[in-house]
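Asks:
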Amino acid sequence: MSSLAPVLATPVSSQGKRAPRESIGIYAVQCCECHKWRTVPTKDEFETIRENFTDDPWFCSKRHGCSCGDPADIEYDSSRIWVIDKPNIPKPPPQTERLVIMRRDLANMDIHYVLPDGKCAKHTTDVQEFLDKNPEYKDSLSVESLSFTAPKIVEETVSNDPAWRTKKQNKKNASRSNN
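For the sequence shown, our numbering gives the first residue as 258, with consecutive numbering after it.
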């Protein structure tokens, strides 16, 4: 069984109230035949692969000059944090950008959309408020055209990180004290 359109991530620190920065360091996809990981050169190309992953699975042969006989571009290991995106998430509409942001404690990912006015939407209600204030975008943008579904962090690739271990221990301690 092959993995669904994955993403590699490396955390970035976010201090203060600066605009969020995407946490993705490398985009990759796993071949549905040989299961080797192939890097994807651009975010746009990755979003196209992800959007169509179920109906149009990815194979090494889709990349010019690449075959399943070639070595993997990148090996799955714990040298970086891996997150796996869900398949079939639509590409962001024109004049928007989907940002994937890892929380400092490495426990979750957040999805933000940069809207045409440059502001970030963290929830569907933010998008609806934008559309109510900017009805000229209703033909090209809808709440349904955006997905706030966050990628899943692969636990085994963060379990050695001190921030993640601290968060995990705090959760254990909290559940013990509630019992």
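Glycine is no exception: its CB is placed at the ideal position from the N, C-alpha and C atoms. For clarity, every value in this text was computed on a predicted model and none was experimentally measured.
What's the call for His369, buried or exposed, on a 16-neighbour Cβ count within 10 Å?
Replies: His369 should be labelled buried.
Asks: Applying the 10 Å Cβ sphere with the 16-neighbour rule, what's the burial state of Thr414?
Replies: That one is buried.
Asks: Would you mind listing the beta strand (DSSP E) stretches within the segment 315 to 388 that are 3+ residues and don't spill past its ends, in chain order?
Replies: Here the runs fully enclosed are 338 to 341, 354 to 359 and 366 to 371.
Asks: Starting from Arg295, follow its DSSP beta bridges and name the residues at the other end.
Replies: DSSP output for Arg295 lists Val286 as bridge partner(s).
Asks: Whole angstroms is fine: what's the gap from Val384's alpha carbon to Pro392's?
Replies: Spanning the two alpha carbons is a distance of roughly 12 Å.
Asks: Assuming Glu332 and Trp294 make a contact with CB atoms under 8 Å, what is their CB distance in whole Å?
Replies: With 8 Å as the limit, Glu332 and Trp294 qualify as a contact, their Cβ atoms being about 7 Å apart.
Asks: Counting C-beta neighbours from all protein chains within 10 Å, is the total for Ser280 16 or more, i.e. buried, or is it exposed?
Replies: That one is buried.
Asks: For Glu304, count neighbouring C-beta atoms within 10 Å of its own C-beta (all shown protein chains included) and say buried if the count is 16 or more, exposed if not.
Replies: So Glu304 counts as buried.
Asks: Do Ile346 and Ser404 count as a contact pair if the criterion is CB distance below 8 Å?
Replies: Yes, Cβ-Cβ distance for Ser404 and Ile346 is below 8 Å.
Asks: Check Lys390 in the structure and name its three-state DSSP category.
Replies: Three-state DSSP puts Lys390 in a helix.
Asks: Less than 8 Å between the C-beta atoms of Glu290 and Cys325, yes or no?
Replies: Result yes, Cβ atoms of Glu290 and Cys325 sit closer than 8 Å.
Asks: Could you spell out the range, first to last residue, of the alpha helix (DSSP H) harbouring Glu308?
Replies: Run containing Glu308: Lys300 to Glu308, per the alpha helix (DSSP H) assignment.
Asks: Tell me the rounded alpha-carbon separation between Val286 and Trp315.
Replies: Cα to Cα, Val286 sits roughly 8 Å from Trp315.
Asks: Given Pro351, which residues of its chain have a CB within under 7 Å of its CB, disregarding the five upstream and five downstream residues?
Replies: Excluding residues within five positions, the ones whose Cβ falls inside 7 Å are Ser397.
Asks: Nearest-angstrom Cα distance between Asn427 and Ser416?
Replies: Those two C-alpha atoms are separated by around 14 Å.
Asks: What would DSSP say about Pro263, mapped onto helix, strand or coil?
Replies: Interpretation of Pro263 is limited by its pLDDT of 44, a score under 50 that renders its predicted location unreliable; no figure is taken from the coordinates.
Asks: Sort Glu386, Trp339 and Asp389 by Cα distance to Asn365 and report the nearest one.
Replies: Looking at the Cα atoms, Trp339 is the closest of the given residues.
Asks: Please say whether Arg320 and Gly282 have beta carbons closer to each other than 8 Å?
Replies: No, Cβ-Cβ distance for Gly282 and Arg320 is not below 8 Å.
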